[in-house]
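Undergrad:
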Amino acid sequence: MRWLICTLLLSYAFAKHEEYDGHALFSVKVQKAEHVDYFNTLDYPFDIWQYATLTRNGMVLVPKDYVQLFQNDLNSKGIEFVIETENIKNELELEDQLFAEKARSKSVRSVDRPTITWDRIYNLTEVNDYLQKVAEAYPDVVTLVNAGKSVEGRDINYLKISTSNFQDTSKPIIFIETLLHAREWVTLPASLHAIDKLVVNVTEQDLIDNYDWIILPVANPDGYEFTHAADGNRFWRKNRRTGVFPGDVCLGVDLNRNFDIDFGQHSSNLACSETYHGPSAFSEPETRAIRNILNEHDGRIELFIDIHSFGNLILYGWGTGQLPSNVFAIHAGGLRMAEAIDAVKMDYNNNYRVGNAALVLYPASGSAMDYGLAANVPLSYVYELPAYRGAGQTIFGFLVHPDFIEQAGMETWEGIKAGARFVTNVRSRY
Ligand SMILES: *[C@@H]1O[C@H](CO)[C@@H](O)[C@H](O)[C@H]1NC(C)=O
Ligand SMILES: *[C@@H]1O[C@H](CO)[C@@H](O)[C@H](O)[C@H]1NC(C)=O
Ligand SMILES: [Zn+2]
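Here the sequence shown stands for residues -15 to -1, 1 to 415, where the numbers follow mature numbering (1 follows the signal peptide of the UniProt record, and there is no 0).
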């Protein structure tokens, strides 16, 4: 009997998503500036999914033991809220189940060229396999590059796509990056779709004739692997840095606060925080890899898009709220991209909003987007892709509904294309 209980306890401890049992997702409607501040400065163990503004609900995941406390606090402050889901573990299990169902009905894959299917989110091994296959099948246009190793020693891989092996320096370079934040799974299809349309299924030749491309699908390989691992954590955001503070229970650095631009101004110095900036600027190999790409092509990268989720936003610097000198060109490019996406978006999603990250959302420093601007990229953006929210669906936020994967890749590609063409049309003007 004792042995049985032991086994039960063990299997309980290791069951998937168990640590999220009882975590509730709150949607909070703030109507006063002081409440915006209150909400946006919530920190560990609260996990802000979406910052609040006066026109946009905030979203926060609240651990079981804090749910009652938080409700009382909101009530006492007179802040309106809705509990979107009382136990996020149910939604995590639903996501697993939807992907398992898709896998069972999977169509046969073509074998004569590298293809991807849009029925699930590829894990790190699968992405790396795909990159390698594409590079092998199209050696004239594709080069697989290793940008270094992550904290845990995983490869950081990207593709260079070019009809002239990057030798024609009159061509602008476009740099697309996804999964700097590990849990933002819906962004991966955007990279993979771009690769497919630039290399495998080319239908718009100007995009490959007139530009060189750098596509980095998994900017945070350790964190990403951890979101897939059975003993990992689906909502992991940071990298997997350990030993910053000896004996500290929390680990990981928010890579999107670790770049050497206004370092530490609008980010956290607490290791447990989801926005922990790390011990120093560029302390992390993952951010150094991105820095090196930007520096290697100094002066040639015209468009850099760091793709995140979620929120239907196209954002630009500076993260402190100051505006860059070419802000009108940046804003015009943002509008062009937003319109292109909105033309094909799902009805249930709102139009993209375009603006300065700090003004539209909340100040943040040390981001890849800002570092892009500082590294002479004239048009540097963050996309926040929408979350799937079909009628009656509880799968949204960082969770991915399989029915949205292809759409996310396709619509985001429309935005990227519009950005690329904007570059060639207005390059002489900014
Ligand atoms: C190739 O791209 C076109 C245009 O985006 C699309 O309609 C078509 O379905 C794609 N074909 C394959 C095999 O993916
Ligand atoms: C990734 O996918 C491969 C092949 O589908 C599988 O063998 C492997 O276990 C997966 N890795 C993780 C961490 O889930
Ligand atoms: Zn993000």
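We put the beta carbon where it would ideally sit given N, CA and C, even for glycine.
Can you tell me whether H213 sits near ligand 2, meaning its C-beta is under 7 Å from at least one heavy atom of the ligand?
TA: yes
Undergrad: Can you tell me which of I158, N224, T172 and V238 puts its alpha carbon nearest to the alpha carbon of N195?
TA: I158
Undergrad: Give the list of continuous alpha helix (DSSP H) stretches no shorter than 4 residues that lie fully inside the stretch 313 to 369.
TA: Listed in chain order, they are 342 to 345 and 353 to 359.
Undergrad: At a cut-off of 7 Å, would you count C169 as near ligand 3, judging by its Cβ distance to the nearest heavy atom?
TA: According to the sequence displayed, residue 169 carries Glu and not Cys. Flag set: Cβ of E169 near ligand 3.
Undergrad: When you compare the CB positions of E69 and L384, do they come within less than 8 Å of one another, or not?
TA: Not closer than 8 Å, so no.
Undergrad: Could you tell me the alpha carbon to alpha carbon distance between Q250 and A214, rounded to whole angstroms?
TA: 34 Å
Undergrad: For Y333, count neighbouring Cβ atoms within 10 angstroms of its own Cβ and tell me buried if that reaches 16, exposed if not.
TA: exposed
Undergrad: Quick one: does the C-beta of T70 sit closer than 7 Å to a heavy atom of ligand 1?
TA: Not one heavy atom of ligand 1 lies closer than 7 Å to the C-beta of T70.
Undergrad: Using a 10 Å radius around the Cβ and a threshold of 16 neighbouring Cβ atoms, would you call F230 buried or exposed?
TA: exposed
Undergrad: Considering Cα atoms alone, identify which of C257, E287 and L240 is closest to T272.
TA: In this structure, L240 is the residue among C257, E287 and L240 with its C-alpha nearest to the C-alpha of T272.
Undergrad: Using the Cβ count rule (16 or more neighbours within 10 Å means buried), how would you classify G318?
TA: Its Cβ being crowded by 16 or more others within 10 Å, G318 is buried.
Undergrad: In chain order, what residues of the same chain lie with their CB nearer than 6 Å to the CB of I(-11), ignoring the 5 residues before and after it?
TA: Only weak support is given to the placement of I(-11): the predicted model assigns it a pLDDT of 43, under 50, and the value that follows is read from those uncertain coordinates. Same-chain partners within the cutoff: there are none.
Undergrad: For V408, does the count of other Cβ atoms within 10 angstroms reach 16, so buried, or fall short, so exposed?
TA: buried
Undergrad: In the stretch 180 to 240, which residue ranges form an unbroken alpha helix (DSSP H) of at least 4 residues, counting only runs that do not cross its ends?
TA: 191 to 194 and 206 to 213
Undergrad: Any chance you could list the residues with Cβ under 6 Å from a heavy atom of ligand 1, keeping chain order?
TA: N186 and T188
Undergrad: Straight-line CA distance for I106 to L201?
TA: Between the alpha carbons of I106 and L201 lies a distance of about 16 Å.
Undergrad: Using only the alpha-carbon positions, how far apart do D28 and I246 sit?
TA: 23 Å
Undergrad: Given 7 Å as the limit, tell me if N241 has its C-beta closer than that to any heavy atom belonging to ligand 3.
TA: yes
Undergrad: Measure the alpha-carbon distance for Y(-4) versus E3 and round it to whole angstroms.
TA: A caution first: Y(-4) carries a pLDDT of 44, below 50, which makes its placement in the model too unreliable to give a value.
Undergrad: Secondary structure at W34, three-state DSSP: helix, strand or coil?
TA: strand
Undergrad: Roughly how many angstroms separate the alpha carbons of T100 and D181, rounded to a whole number?
TA: 8 Å
Undergrad: Measure the alpha-carbon distance for M(-15) versus D6 and round it to whole angstroms.
TA: Residue placement at M(-15) is flagged as unreliable, the pLDDT there being 41, under the threshold of 50; a coordinate-derived value is accordingly withheld.
Undergrad: Apart from the five residues on each side of it in sequence, which residues of its chain come closer than 7 Å, Cβ to Cβ, to Y337?
TA: N297, L298, I299, A323, I326 and D327
Undergrad: Per the contact definition of three or more C-beta pairs closer than 8 Å, is the stretch 396 to 405 in contact with the stretch 356 to 372?
TA: yes
Undergrad: Please classify S253: does DSSP put it in a helix, a strand, or coil?
TA: Note: S253 maps to strand in three-state DSSP.
Undergrad: Just to check my reading of the structure: H386 and L83 have Cβ atoms closer than 8 Å, yes? What is that Cβ distance to the nearest angstrom?
TA: 6 Å
Undergrad: Could you check where the beta strand (DSSP E) with residue 457 kicks off and where it finishes?
TA: No information on residue 457 is available, as it lies outside the stretch -15 to 415 that the chain covers here.
Undergrad: Would DSSP call M(-15) helix, strand or coil?
TA: Its pLDDT being 41, under 50, M(-15) is placed unreliably in this model, and the value from its coordinates should be taken loosely. In this structure, M(-15) counts as coil in the three-state DSSP scheme.
Undergrad: Measuring from the CB of H251, is there a heavy atom of ligand 3 at a distance below 7 Å?
TA: no
Undergrad: Starting from I158 and walking both ways along the beta strand (DSSP E), at which residues does that stretch end?
TA: From DSSP, the beta strand (DSSP E) with I158 extends over I158 to T163.
Undergrad: Would DSSP call S147 helix, strand or coil?
TA: Three-state DSSP puts S147 in coil, outside helix and strand.
Undergrad: Using a 10 Å radius around the Cβ and a threshold of 16 neighbouring Cβ atoms, would you call G351 buried or exposed?
TA: buried
Undergrad: Would you check if there are 3 or more beta carbon pairs closer than 8 Å linking the stretch 171 to 186 to the stretch 110 to 130?
TA: These segments touch.
Undergrad: Compute every distance between the C-beta of H293 and the non-hydrogen atoms of ligand 3, then say whether any falls below 7 Å.
TA: yes
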